[in-house]
Amino acid sequence: MGQLVVNGLALGSIYALVALGLLLIFNTVQIVNFAQGQLLMLGAFIGISCAVTHELPVIASWAITMVAMALVGIVFMVLVYFPLRGRPAFLVILTTIAMGIVLENLALIIWGPLPVSLPSPIHGPPLRFAGIVISMHQLFIFATLAVILLLQFFFLTRTRFGILMQATAQDLHTARLVGIPVNRTVAVAFAFGAVLSGIAGLLVAPIFLAEPTMGGSLGLKGFVVSVIGGFGNLPGAVIGGLFLGLVETFGARYISSNFRDAYAFIVMIAVLIAWPRGLFGEKSSEKV
Amino acid sequence: MKTWPILAAGVATALAVPAIAQDGYVIQLLNIAILNAIVVLGLNFVTGWAGQINFGQAAFYGLGAYTTAIATKSGLPWITTPFLSAVVVIAASLALGLPTMRLRTYYLAMTTIGFGEIIRLIIVHWEPVTGGTSGLRAIPGISIFGFGPQGQVQHYYLLIATLLLAVAIATRVRDSVLGRAMIATRDSEIAAEQSGVDTTKTKLVAFMIGAVYAGLAGCLYASSIRFISPDSFSGTQAILLMTMLIVGGMGSIAGCVIGAVALTILPEALRFLGQWYLVLYGLGVIAVIVLAPGGLASLASQLQLRRAGAR
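Chains as they are written, first to last, in the working numbering: chain X, 408 to 695; chain L, 254 to 564.
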């Protein structure tokens with residue numbers, strides 16, 4: 408029982424990280440990136456190329472992955488966001504899905520279809536108390552989530568650039584009028600969004616194996632979590648992530664493991680029917 | 254109107270195809286393309302006209318196919334299956350549509366993806382009835398009181414006739430009060446409400462018509478291809494159906510048919526590209542959305558406008 412809670416929270420932390428990356432982009436440009444899961448997959452594979460294939464030290468692999476993901480995020484913005492500014496939302500949904508298909512199949516060409524494993528960045532005996540085993544990697548996941556949450560909060564509310572980003576999110580045109588370098592702000596949002604999903608990829612790969620098709624369901628979970636938490640609401644997304652991790656772990660154990668991937672959608676549909684703005688309220692409502 | 258000669262030429266070419274292409278494989282591929290065209294025509298009611306994104310269309314396609322396969326394999330006469338399929342998809346579309354038709358864009362996209370995924374998981378794991386991942390084989394063919402098409406060419410003509418009927422109904426609906434209400438809902442929900450359109454009801458009806466198109470196409474798929482598996486109705490297929498609509502031209506009936514036929518044949522014609530095909534497919538979809546938002550159908554009408562201008 409306690410063990411299931413720990414496992415569920417670890418899984419949920421990863422969902423929360425995917426959601427944080429998704430929301431960083433959404434809060435700035437009001438675009439939901441349906442390729443977020445594929446960015447995660449890309450992060451995992453870049454990490455594997457560094458740490459496994461080229462046997463680089465852990466810190467170097469993480470640094471290279473994060474820089475590479477920031478560049479990917481900017482390329483992504485140029486290809487997918489720029490040409491579609493101000494166009495209907497479902498066209499943007501489709502271009503991000505199409506970009507996900509491109510990334511997934513490029514990964515299949517580069518890294519092949521076989522699952523690969525990535526060792527955890529930290530080693531050591533697992534903690535045990537009261538019959539519960541917490542692996543070092545699980546602890547590392549919790550710590551990473553906490554650090555990123557704090558950093559993101561500090562960045563968005565206490566730094567100049569973070570405040571510029573919030574202003575851009577509130578009204579892109581007014582932000583441009585008052586002289587905020589909107590394009591640069593948006594580029595930073597995409598770069599950070601991609602880096603966050605890259606980190607999620609580096610954290611997932613040691614638990615599940617990495618394969619090119621791993622992104623699809625993880626990206627959708629990140630979205631489900633954002634919906635549960637009230638779209639745009641960062642603390643809500645984290646709580647939603649942990650909640651979904653618990654629901655999936657307990658559902659797989661006590662109901663049926665076959666329908667593991669369905670629980671997320673059932674929870675989301677239930678939440679949307681009962682509270683159309685999510686459990687913790689939506690941060691920004693639709694503009695007329 | 255100048256559409257009649259084009260339509261007649263299109264139908265004549267379609268009717269002549271089996272005489273030119275003797276290859277059974279080509280006819281089979283075309284049969285699937287026609288079925289996809291019917292499903293995309295259905296999707297066009299929801300997405301093209303009522304403006305609601307829907308990634309559940311492949312699931313309705315699958316529900317129709319599995320209902321038909323299970324019914325005929327358990328001994329029911331074929332004639333009952335179109336009705337059974339329609340009843341099942343109408344029930345499913347109400348179950349999904351009633352609570353979700355008030356949702357917008359991203360929320361609707363996600364709920365319909367979720368619906369498709371839940372249906373797929375049920376098909377995959379309800380093995381005694383659905384055959385699981387390996388699917389169902391040797392499904393009884395179309396038979397109306399002992400008469401039915403024999404061989405792929407006869408199926409082809411039957412499917413062409415069904416497609417024409419589907420096109421005719423879509424055209425009638427587009428030019429009716431209902432069709433105009435759908436298009437008004439897409440253009441501005443607020444303005445449509447002000448003009449007395451019940452937008453929620455309109456969206457729901459569009460959703461149901463779309464589901465029935467998919468369900469009946471699924472029924473014909475199961476009994477003319479005679480083999481079904483969950484892969485044919487997965488989330489990937491739902492995205493493919495949506496791209497057929499976008500590439501062909503949203504809201505355009507001809508566009509739906511062109512998009513479906515083109516994107517069914519293209520992967521077979523470009524098989525030599527292997528994995529690169531899907532990379533190019535993704536980039537191609539982005540290119541169409543960015544450069545020709547009205548799809549292939551709009552390119553044709555732009556050409557016509559330009560020619561009219563030159564005259």
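Each residue gets a CB set at the ideal place from its N, CA and C atoms; glycine is no exception.
Computed from a prediction, not measured in an experiment: that's the story for all the values here.
Checking the sheet assignment: what are the DSSP bridge partners for residue i?
| i | result |
| --- | --- |
| ILE481(L) | LEU389(L) |
| VAL400(L) | Looking at the sequence itself, residue 400(L) is Phe, so the reference to Val does not match. Paired residue(s): ILE397(L). |
| VAL523(X) | ALA617(X) |
| VAL540(X) | ARG535(X) |
For residue i, which option in the options has the closest C-alpha, if you only look at C-alpha atoms?
| i | options | result |
| --- | --- | --- |
| PHE599(X) | ALA671(X), LEU478(X) and SER420(X) | LEU478(X) |
| ARG357(L) | PHE638(X), ILE662(X) and VAL674(X) | PHE638(X) |
| LEU521(X) | LEU625(X), GLU618(X) and ALA496(X) | GLU618(X) |
| THR546(L) | ILE376(L), TYR530(L), VAL340(L) and LEU498(L) | Checking the sequence, you will find Pro at residue 546(L) rather than Thr. Closest by alpha carbon: LEU498(L). |
| ASN284(L) | PHE336(L), ALA522(L), LEU416(L) and THR383(L) | LEU416(L) |
| ALA601(X) | ALA475(X), HIS580(X), ASN414(X) and VAL413(X) | ALA475(X) |
| ALA458(X) | THR592(X), GLY450(X) and SER468(X) | SER468(X) |
| ARG591(X) | ALA470(X), VAL485(X), GLN445(X) and PRO490(X) | VAL485(X) |
| THR453(L) | ARG524(L), LEU282(L), VAL299(L) and LEU533(L) | VAL299(L) |
| THR517(L) | ILE372(L), ALA272(L), LEU282(L) and ALA274(L) | LEU282(L) |
| SER477(L) | VAL342(L), PRO402(L) and VAL264(L) | PRO402(L) |
| MET543(X) | LEU649(X), PHE489(X) and GLY531(X) | GLY531(X) |
| LEU616(X) | ARG567(X), MET448(X), PHE666(X) and VAL645(X) | MET448(X) |
| VAL538(L) | GLY415(X), PHE547(X), GLY428(X) and VAL499(X) | VAL499(X) |
Quick check on the burial criterion: 16 or more other C-beta atoms within 10 angstroms. Buried or exposed for residue i?
| i | result |
| --- | --- |
| PRO526(X) | exposed |
| GLN545(X) | buried |
| PRO464(X) | exposed |
| ARG559(L) | exposed |
| ILE392(L) | buried |
| ILE542(L) | buried |
| LYS628(X) | buried |
| THR256(L) | exposed |
| ASN640(X) | buried |
| VAL554(X) | exposed |
| HIS696(X) | The shown model of chain X, from 408 to 695, leaves out residue 696(X), and the question about it has no answer. |
| VAL695(X) | Confidence at VAL695(X) is low in this model, with a pLDDT of 38, below 50, so its placement is unreliable and the value that follows should be read with caution. Burial call: exposed. |
| PRO381(L) | exposed |
Quick one: which chain B residues come within Cβ less than 7 Å of residue i?
| i | result |
| --- | --- |
| MET495(L) | The structure shown contains no chain B; its protein chains are X and L. |
Any C-beta of chain X sitting closer than 8 Å to the C-beta of residue i?
| i | result |
| --- | --- |
| TYR474(L) | no |
| GLU380(L) | no |
| VAL293(L) | no |
| SER551(L) | no |
| ALA362(L) | yes |
| VAL299(L) | no |
| GLY468(L) | no |
| PRO352(L) | yes |
| LEU523(L) | no |
| GLN528(L) | yes |
| GLY548(L) | no |
| GLY512(L) | no |
| THR256(L) | no |
| VAL342(L) | no |
| TYR534(L) | yes |
Could you confirm whether any beta carbon from chain L is found closer than 8 Å to the beta carbon of residue i?
| i | result |
| --- | --- |
| PRO490(X) | yes |
| PHE497(X) | yes |
| ASN665(X) | yes |
| VAL634(X) | yes |
| ASN590(X) | no |
| LEU446(X) | no |
| ASN512(X) | yes |
| GLU693(X) | Reliability fails at GLU693(X), whose pLDDT of 46 lies under 50, so the model's placement of it is uncertain and the value that follows must be treated cautiously. For GLU693(X), the answer is yes, since a Cβ of chain L falls inside 8 Å of its Cβ. |
| ILE432(X) | no |
| THR478(X) | For the record, residue 478(X) in the displayed sequence is Leu; it is not Thr. For LEU478(X), the answer is no, since every Cβ of chain L falls outside 8 Å of its Cβ. |
| ALA505(X) | yes |
| VAL554(X) | no |
| MET675(X) | yes |
| VAL439(X) | yes |
| ILE385(X) | The requested residue 385(X) is not part of the displayed model; chain X covers only 408 to 695. |
| ILE508(X) | yes |
| ASP578(X) | no |
>> Using a Cβ distance threshold of 8 Å, determine whether the segment 396-407 of chain L contacts the segment 329-337 of chain L, with at least three qualifying pairs required.
In response: yes
> Between the segment 415-426 of chain X and the segment 595-610 of chain X, do three or more beta carbon pairs fall short of 8 Å?
Replying inline: By the C-beta criterion, the segment 415-426 of chain X is judged to be in contact with the segment 595-610 of chain X, since at least 3 inter-stretch pairs fall below 8 Å.
> Below 8 Å, can you find three or more Cβ-Cβ pairs linking the segment 424-433 of chain L to the segment 311-330 of chain L?
Replying inline: no
> Are the segment 338-347 of chain L and the segment 288-304 of chain L touching by the rule of at least three beta carbon pairs closer than 8 Å?
Replying inline: no
> With a cut-off of 8 Å, do at least 3 Cβ pairs link the segment 439-458 of chain X to the segment 489-508 of chain X?
Replying inline: Yes, since at least three Cβ pairs between the segment 439-458 of chain X and the segment 489-508 of chain X fall closer than 8 Å, the two stretches touch.
> Looking at C-beta atoms only, is the number of pairs between the segment 464-483 of chain L and the segment 356-370 of chain L that lie closer than 8 Å three or more?
Replying inline: no
>> Does the segment 445-461 of chain X come into contact with the segment 630-646 of chain X, if we say contact requires no fewer than three beta-carbon pairs (one atom in each stretch) closer than 8 Å?
In response: no
> On the three-pair Cβ rule with 8 Å, is the segment 289-308 of chain L touching the segment 457-464 of chain L?
Replying inline: yes
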